[in-house]
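The sequence shown begins at 1 in the UniProt record's numbering and counts up one residue at a time.
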Amino acid sequence: MSSPQALEDERGGGDPPRDLRSVLVTSVLNLELLDEDLFRGRHYWVPSTQRLFGGQIVGQALVAAAKSVSEDVHVHSLHCYFVRKGDPKVPVLYQVERTRTGVSFSVRSVKAVQHGRPIFICQVSFQKAQPSPVQHQFSMPTVPPPEELLGHEALINQYLRDPNLQEKYRVGLNRIAAQEVPIEIKLVNLPTLSQLQSMEPKQMFWVRARGYIGEGDMKMHCCVAAYISDYAFLGTALLPHQWQHKVHFMVSLDHSMWFHAPFRADHWMLYECESPWAGGSRGLVHGRLWRRDGVLAMSCAQEGVIRVKPRDSKSKL
1 MSSPQALEDE
11 RGGGDPPRDL
21 RSVLVTSVLN
31 LELLDEDLFR
41 GRHYWVPSTQ
51 RLFGGQIVGQ
61 ALVAAAKSVS
71 EDVHVHSLHC
81 YFVRKGDPKV
91 PVLYQVERTR
101 TGVSFSVRSV
111 KAVQHGRPIF
121 ICQVSFQKAQ
131 PSPVQHQFSM
141 PTVPPPEELL
151 GHEALINQYL
161 RDPNLQEKYR
171 VGLNRIAAQE
181 VPIEIKLVNL
191 PTLSQLQSME
201 PKQMFWVRAR
211 GYIGEGDMKM
221 HCCVAAYISD
231 YAFLGTALLP
241 HQWQHKVHFM
251 VSLDHSMWFH
261 APFRADHWML
271 YECESPWAGG
281 SRGLVHGRLW
291 RRDGVLAMSC
301 AQEGVIRVKP
311 RDSKSKL
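As structure tokens, this is what we get:
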């Protein structure tokens, strides 16, 4: 994978102000080196569940792995498992094992540790750029551009101005609005209230990192994308069921990513998510992140635990 291209600049990718450096680069993904192949990561945003955000752990693990390979290789895939609940009150240690360094491919194993026990394990594979005549991809969905859609904050404010909004939803929306999430989202095809009762397990939204990252190192853009990829991903599996059930417990079990083409994580990308299956208190989701020029930048997959309880009952499952 080569350095990011400036294609999006010509197509209205739109750089944020350069003096507003992305907090994902300056804080979240800025690991402290403790020893050779040993790093410490700290937290920026903790979800209301008071569990560590899975995307943060994936992104920080990829940063640690990338620091152990040469400049001429780039990540092409990662596969990881979340094995224990993360503690937001203490930092995370990342231990990198140099599993293999080959001519074309190199593999790194990363273990995230808290309180002396692993909370996350990950395998990351890197590759030297190799041209190939075998190339194809799906076509990007046709959707309105992000400039024509409401941002997350504007959307919440629109709902809050509705005098008929129930108080319990008003409280929840205010709580969401108060969170300092380091990414921007614009939903595509926002459902109406009546459509919520018959939704498919599919959603699309434009997403980018807040602030400016710049051309920089492609490895850093991949690390930022790893952080982004976990946001609202597993919730896709709940869309057909949210009218009848509310979440009792939902966490990621694993996460995989495949990187296909250069991209800018601080430019708008379309995140296309779908859930082909749910059952056994688990849900499976697939995702594709598209550049604005129609190039498929990466693919994702995740399975997670989903436990619900009926909206009309207080009993626990």
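Heads up, the beta-carbon is just placed ideally off N, CA and C, and yes, glycines get one too.
All of these numbers come straight from a predicted model, not from anything done at the bench.
Helix, strand or coil at residue i according to DSSP, with G and I counted as helix
| i | result |
| --- | --- |
| P146 | helix |
| F259 | strand |
| I213 | coil |
| D19 | Caution is warranted here: a pLDDT of 47 is assigned to D19, below 50, making its placement in the model unreliable, and the coordinate value is therefore given only provisionally. Coil at D19, not helix or strand. |
| Q203 | strand |
| Q95 | strand |
| G59 | helix |
| Y81 | strand |
| Q158 | helix |
| M140 | coil |
| H245 | strand |
| L190 | coil |
| T49 | coil |
| A65 | helix |
| P198 | It should be noted that the sequence gives Ser, not Pro, for residue 198. It is helical. |
| L239 | coil |
| E71 | coil |
Element boundaries [beta strand (DSSP E), containing residue i]
| i | result |
| --- | --- |
| Q123 | 117–128 |
| L38 | 38–41 |
| residue 342 | Absent from the structure is residue 342, since the part of the chain shown begins at 1 and ends at 317. |
| S109 | 105–114 |
| R282 | 282–290 |
9 Å Cβ cutoff met for residue i and residue j
| i | j | result |
| --- | --- | --- |
| Q114 | D87 | yes |
| A209 | L62 | no |
| V224 | L289 | no |
| V251 | K85 | yes |
| P191 | M204 | no |
| V75 | F259 | yes |
| H152 | E184 | yes |
| V25 | A64 | no |
| P182 | G211 | yes |
| V107 | S125 | yes |
| F82 | D254 | yes |
| S256 | G55 | no |
| G41 | L93 | yes |
| F120 | I57 | yes |
| K186 | L149 | yes |
| D37 | R117 | no |
| L162 | K128 | Residue identity check: residue 162 is Asp in the sequence provided, not Leu. No, the pair does not count as a contact, with Cβ atoms beyond the cut-off. |
| E303 | G287 | no |
| A261 | A297 | yes |
Local Cβ density within 10 Å of residue i, reported as buried at 16 or more and exposed below that
| i | result |
| --- | --- |
| R311 | exposed |
| K246 | exposed |
| A237 | buried |
| Q137 | exposed |
| C122 | buried |
| K89 | exposed |
| A265 | buried |
| R291 | buried |
| W243 | exposed |
| S299 | buried |
| W277 | exposed |
| A154 | exposed |
| V28 | buried |
| P146 | buried |
| V103 | exposed |
| F53 | buried |
Limits of the unbroken alpha helix (DSSP H) element including residue i
| i | result |
| --- | --- |
| L31 | First-last for L31: undefined, no H or E at that position. |
| S275 | S275 -> not in any alpha helix (DSSP H); beta strand (DSSP E) instead, spanning 269–279. |
| V224 | 218–229 |
Cβ-heavy atom distance, residue i to the ligand ADP, below 8 Å
| i | result |
| --- | --- |
| V46 | The ligand ADP is not part of the structure shown, which contains no ligands of any sort. |
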